[in-house]
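Presented below is the structure to which this report refers.
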Amino acid sequence: MVVKRFFREPTKAQIKALDCSEAKKDLVDRILALDEGQGLIIARTLVPPAYRNSWHFLRHGDRVPLRGSIDVDPERAPREATPVDYRIRAFHALKERMGAYSGYEYHPIDIRPHAPVDARIRRISLVECLEGARIFAYTHQVPMASIDVEQYTNAGAVAKDGATFPVKVPSRQKGSRRYSFSMVSVPLANNSHKFRISWGSLSRGHNCKRSQYMGLRYSAKEDSEVFNWCAHEVSAYLQIMALQRKNDNRIPLQMSQIALPTPATKDFYKRLCDSVLLQDPSIESRDRLRVLNKAEQEILLWGLVYKKDHHTSFFAKDHLGKYDWALRHTPTE
Ligand SMILES: [Zn+2]
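Start counting the sequence shown at 386; every next residue gets the next number (our numbering).
Okay, structure coming up:
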């Protein structure tokens, strides 16, 4: 599969050819300081040794919890707090207990008699938030590329259960068909149901599950207990958010479960993709070097959140469609 030009990243050899220095600590600072023409070799492993490999870590590694329990007492239900309020609190709490995280997670709210549409735990990784933002930018910058959002299908139930939007999202691979699926439980109306609706948001009928998820072959996107947001769903939600905002409806933005990367965080992520290698004793090549995988990128993004704070890392005020995603040292052909 050939990746579309917009998503192309330099190879290990191209990064290795840079003016590279080695580091075992202060990795976030070292990456933030990388100038044009400079590279960094991380001379240690990042995935905690308790996990067999990166795949195992992404599936079972620690998550940052946004909220605790499945059943929330209706009297104490978080009707007043938006998802971003919870993210601010949870991201700030990292100052107390920083570690290697594989994403953040939350439970839908069961406020009877309204059971959530799907009670599975929701998980989102910061990498998928970034990759979703990249797909979103691609469709706003490359002619003919688009995320198509059809009119919602369940008009009568929108106020109480949220909207269902059929969407089409492009693939990052050349010549691949677009993904068609529905975004479900999208909050549109400004009423007391918007909290429950938003905590229940998910997709239906999305098929990147079985082929490839987070760049790791054979890892299931979701299972009977967990719904993992992927970049396609993130980008679809961003497009719904943008379209609604045009109509002066900020509810999907206010109630977004997706952490919105700032330009500085996007630039940090770009350096992870175009200027950093890792020494991996388990690989066969003589130099033991390789580009970072999604687990390592995720760990370093949480390191950035720890170093900065929620607002400077994931509280975007700019239009994500305008972000510059051009990478350094990217092969032309
Ligand atoms: Zn997907």
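C-beta: ideal position from N, C-alpha, C; glycine also.
Assign I455 to one of three DSSP states: helix, strand, or coil. Only weak support exists for where I455 lies, its pLDDT of 40 falling under 50; the value from the coordinates is given anyway. It is coil, neither helix nor strand.
From D709 to R393, what distance separates their C-alpha atoms? 14 Å
Assign R429 to one of three DSSP states: helix, strand, or coil. coil
Consult DSSP for G541 and reduce its assignment to one of helix, strand or coil. helix
For ligand 1, I want to know if E618 counts as a neighbour, meaning its beta carbon is within less than 7 Å of at least one of the ligand's heavy atoms. yes
Buried or exposed for M529, going by 16 or more other Cβ atoms inside 10 Å? exposed
Near P395, what residues of its chain come up, given a Cβ to Cβ distance below 6 Å and the 5 sequence neighbours on each side ignored? D659, H714 and T715
Mind checking whether I668 and L431 have CB atoms under 8 Å apart? no
Taking R508 and W614 to be in contact with their CB atoms under 8 Å, please state how far apart those CB atoms are, rounded to whole angstroms. 7 Å
Give me the Cα-Cα distance between I587 and K553, rounded to the nearest whole angstrom. As written in the sequence, residue 587 is Leu, which differs from the Ile given in the question. In a straight line, the C-alpha of L587 is about 15 Å away from that of K553.
If I follow the unbroken alpha helix (DSSP H) through S620, where does it start and stop? A616 to K631
Please report the distance separating the alpha-carbon of L410 from that of Q624. Residue identity differs from the one stated: residue 410 is Lys in this sequence, not Leu. C-alpha separation (whole angstroms): 38 Å.
Within the present structure, is the beta-carbon of C658 separated from the nearest heavy atom of ligand 1 by less than 7 Å? no
Can you say whether L403 is buried or exposed, counting buried as having 16 or more other CB atoms within 10 angstroms of its CB? buried
Three-way DSSP call (helix, strand, coil) for L587 in this model: strand
Span separating the alpha-carbon of S596 from that of A621: With a pLDDT of 48 at S596, under the threshold of 50, the predicted position of this residue should be treated as unreliable, though the coordinate-derived value follows. One C-alpha to the other measures close to 19 Å.
Contact under 8 Å by Cβ, V527 with L479: no
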